[in-house]
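Visitor:
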DNA sequence: CCTTTTATACTCGAAATGAGTATATCCGGC
DNA sequence: GCCGGATATACTCATTTCGAGTATAAAAGG
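Residue numbers (our numbering), protein chains in the order written: chain A, 1 to 300; chain B, 301 to 600.
1) Kindly give me the distance between the Cβ atoms of residue 71 of chain A and residue 6 of chain A, rounded to whole angstroms, as I take these residues to be in contact under 8 Å.
2) Measure the C-alpha to C-alpha separation of residue 456 of chain B and residue 295 of chain A and round it to an integer number of angstroms.
3) Using a beta-carbon distance cut-off of less than 9 Å, what residues from the region 7-19 of chain A approach chain B?
4) Chain A beta carbons: is any one of them nearer than 9 Å to that of residue 385 of chain B?
5) With 16 as the cutoff for other CB atoms within 10 Å, does residue 138 of chain A come out buried or exposed?
6) Using the beta-carbon count (16 or more within 10 Å), is residue 161 of chain A buried or exposed?
7) Give me the chain A residues within the contact set of residue 368 of chain B, using Cβ-Cβ distance strictly less than 7 Å, ordered along the chain.
8) When the distance is taken between beta carbons, is residue 472 of chain B closer than 9 Å to residue 418 of chain B?
9) What whole-angstrom Cβ distance do residue 390 of chain B and residue 468 of chain B have, given they're in contact under 8 Å?
10) Where does the unbroken alpha helix (DSSP H) through residue 154 of chain A begin, and where does it stop?
11) For residue 355 of chain B, would you say it is in contact with chain A, using Cβ-to-Cβ distances shorter than 9 Å as the test?
12) Ignore the nearest five residues each way along the sequence and tell me which others in residue 204 of chain A's own chain have a CB closer than 6 Å to its CB.
13) Which of helix, strand or coil does DSSP assign to residue 477 of chain B?
14) Given that a residue counts as buried once 16 or more other Cβ atoms are within 10 Å of its Cβ, and exposed if not, what is residue 574 of chain B?
15) My output table needs one value for residue 506 of chain B: the three-state DSSP class, helix, strand or coil.
16) So residue 32 of chain A packs on residue 94 of chain A, CB below 8 Å; how close in whole Å?
17) Measure from the alpha carbon of residue 531 of chain B to the alpha carbon of each residue in B:518, B:521, B:547 and B:522, then state which is nearest.
18) For residue 565 of chain B and residue 576 of chain B, I'd like the C-alpha separation in whole angstroms.
19) Starting from residue 59 of chain A, find everything on chain B with Cβ-Cβ shorter than 8 Å and list it in chain order.
20) Rounding to the nearest angstrom, what Cα-Cα distance links residue 281 of chain A and residue 269 of chain A in this structure?
21) Compare the C-beta of residue 244 of chain A with all C-beta atoms of chain B and state if any pair is closer than 9 Å.
22) Hey, does residue 297 of chain A have any beta-carbon neighbour from chain B nearer than 9 Å?
23) If distances are taken between C-alpha atoms only, which option among B:454, B:445, B:444 and B:383 comes closest to residue 415 of chain B?
24) Could you tell me which of B:382, B:337, B:556 and B:339 sits nearest to residue 42 of chain A, measuring between CA atoms?
25) Sorted by chain position, which residues of the same chain lie with C-beta nearer than 6 Å to residue 413 of chain B's C-beta, five sequence neighbours on each side aside?
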């Protein structure tokens, strides 16, 4: 009988931003994402993951969102009778202190994806990657044009702008072209650190999701301390997006959205003129239709 | 041993728009969404669902996107040894003709969610629902204020605008307040048709996802015939959003996005002056960074 | 007290948006 | 053959938002 019996596994992409660097919680010295089986006693998938992370790492998880579920025939198990279903989650945590029982490791996103950080200009690795992709483009003459357009679009070449949201598409394109490898294949140097099985792909999914989400939902605040300066907030967004932002316009955007309010205090730890401290207005969660309509509505 | 053995089940929300009415494919005379077990011979979850739908209904599925995965302890199975993991997908199909072996049924979204269709003004059911919700708000004095804000925001009361994207939140709020029921509980009249198990909740998830998505990704075209008029396109978007749109501005929006091009032909089936026919420019898929940055970028 | 550094405030033209009006082209009846 | 009803398409205009840049304020250090 072929009825769908499967192992269920939960995998977490837990991120924080410390010192203007976005980081992810890892196990096995940075080679894998934390994961564990979904057990019978768990109330729900989300609850299962929460408990599991708390037990393993001592970290409280604030925001938690499902990322993706997939089932591949053959991964670690050779057994064809039972398949593994992997359910991945994206979680945001405020700090990385307080390590629990088996203290987790934290690693910068851009160790795994060095081409994704454009804060100090276009990374050098990119020229290397694009060169490799050109080989792939040329490899199949029939699809040449199509592949070229795909590369140009995904990596922001030929007049197209770099789109930070396309992290996953870029990774998948590189994977298709044989420029990056998953688990166990021969390594490519300088194109980012590898991870166990498809964990690097899952991390790419998480990064892409978070980069898209910060634009229309106030999730950045899950990563901020209780009070913060406007520049700290900007640096955090920049770290996630891998881009530098226009300071005056960023501030205008923030305050016209009325997401934050002054605490009344200031800090002079920043060097020059003391900066006002702000806090997130939790009230917005239930107050406003965040992300307006974008459809041209009619009266009546 | 408590290791995570589970049944995997695939559930599909397949939607089409016919005659300006958004519809969903159902089985059991509209009481359930099509679903089936994930089998060992399937290459992947998505492939499994595709095959399965084709076999069962003879329908080709174009666009297909994962919706949500959940695991509940006790649904149909009383057995505590094995749990069911349900993986739901949203699919868009172009037509509803050509029924396959066991021809599927099609039912309008708004049979299940009559309060979600605002094209002909605020539906009457809404006053009924809001009244019911007021009872729930008053029921627990300690949380009164919080609940009231949540109701006002979710249903667009007290100056807040109706937000068509909140379909799922509205359903969940009504569920929490005991106004709608899932499988087998006593029925509430006039508050929409019920469905088997949690299928109605899954449908709400699909509707919400699609309503959000049409705003920043050109997925509507998956529901359109090869060539169409601008008004047909507008009516389709309106059907999905459950809202009426401003015609001149809708057209401006469409053509400044350069998503479509004229076929050169016209149709006079519409009554008055013949309308130009358009077709979707598939090139856009690989051409442009759809959905611009929204972050205030800086030079350099 | 002047320079450096960071913070905050203001300006201005270009583009997008909300709302409405005007013109074109067909059909059917007279 | 012409006129009104119906639908399609085109244009206008004030307002808001957005990209980009400049100016002023308040601390620290020599």
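Virtual Cβ for every residue (Gly too), placed ideally from N, Cα, C.
Quick caveat, the model's predicted, so the values are computed rather than measured.
Guide: From the atom records:
1) Here residue 71 of chain A corresponds to residue number 71 of the first chain, with the count starting at 1. Here residue 6 of chain A corresponds to residue number 6 of the first chain, with the count starting at 1. That pair is a contact at about 7 Å.
2) Here residue 456 of chain B is taken as the residue at index 156 of the second chain, counted from 1. Here residue 295 of chain A is taken as the residue at index 295 of the first chain, counted from 1. In a straight line, the C-alpha of residue 456 of chain B is about 17 Å away from that of residue 295 of chain A.
3) 7, 8, 9 and 10
4) Reading the second chain from its first residue, position 85 is the one you call residue 385 of chain B. Yes, residue 385 of chain B counts as interfacial toward chain A.
5) On the first chain, residue 138 of chain A is found 138 positions in, with the first residue counted as 1. The residue is exposed, with fewer than 16 neighbouring Cβ atoms inside 10 Å.
6) Here residue 161 of chain A is taken as the residue at index 161 of the first chain, counted from 1. With fewer than 16 Cβ atoms within 10 Å of its Cβ, residue 161 of chain A is classed as exposed.
7) On the second chain, residue 368 of chain B is found 68 positions in, with the first residue counted as 1. By Cβ distance, chain A contributes 66.
8) Translated into the one-based positions of the second chain, residue 418 of chain B becomes position 118. Translated into the one-based positions of the second chain, residue 472 of chain B becomes position 172. For residue 418 of chain B and residue 472 of chain B, no; Cβs fall outside 9 Å.
9) Here residue 390 of chain B corresponds to residue number 90 of the second chain, with the count starting at 1. Here residue 468 of chain B corresponds to residue number 168 of the second chain, with the count starting at 1. That belief does not hold up - the Cβ atoms of residue 390 of chain B and residue 468 of chain B are roughly 12 Å apart, past 8 Å.
10) Here residue 154 of chain A refers to the residue found at position 154 when the first chain is read from its first residue. Note, residue 154 of chain A: alpha helix (DSSP H), 144-155.
11) Here the question's residue 355 of chain B lines up with position 55 in the second chain. Not one chain A Cβ lies under 9 Å of residue 355 of chain B.
12) Taking the first chain and counting its residues from 1, the one referred to as residue 204 of chain A is at position 204. Hits under 6 Å: 167, 168 and 171.
13) Locating residue 477 of chain B in the second chain gives position 177, counting from the first residue. Note: residue 477 of chain B maps to coil in three-state DSSP.
14) The residue you call residue 574 of chain B lines up with position 274 of the second chain. It is exposed - the Cβ of residue 574 of chain B has fewer than 16 other Cβ atoms within 10 Å.
15) By 1-based counting over the second chain, the position of residue 506 of chain B is 206. Helix.
16) Position 32 of the first chain holds residue 32 of chain A. Position 94 of the first chain holds residue 94 of chain A. Incorrect: roughly 23 Å between the Cβ atoms, too far for contact.
17) On the second chain, position 231 is the one that residue 531 of chain B refers to. It is B:547.
18) Translated into the one-based positions of the second chain, residue 565 of chain B becomes position 265. Translated into the one-based positions of the second chain, residue 576 of chain B becomes position 276. In a straight line, the C-alpha of residue 565 of chain B is about 6 Å away from that of residue 576 of chain B.
19) Residue numbering aside, residue 59 of chain A sits at position 59 when the first chain is read from its first letter. Result: empty, since nearest Cβ-Cβ is about 22 Å, beyond 8 Å.
20) As a position in the first chain, residue 281 of chain A is number 281, starting the count at 1. As a position in the first chain, residue 269 of chain A is number 269, starting the count at 1. Taking the straight line from one Cα to the other gives about 24 Å.
21) Position 244 of the first chain, counting from 1, holds the residue named residue 244 of chain A. So yes, residue 244 of chain A belongs to the interface.
22) Walking along the first chain from the start, residue 297 of chain A turns up at place 297. For residue 297 of chain A, the answer is yes, since a Cβ of chain B falls inside 9 Å of its Cβ.
23) Looking up residue 415 of chain B in the second chain gives position 115. With distances taken between Cα atoms, residue 415 of chain B lies closest to B:454.
24) As a working note, residue 42 of chain A is residue 42 in the first chain. The residue with the shortest Cα to Cα distance from residue 42 of chain A is B:382.
25) In the second chain, residue 413 of chain B corresponds to position 113, counting from 1. The residues are 492.
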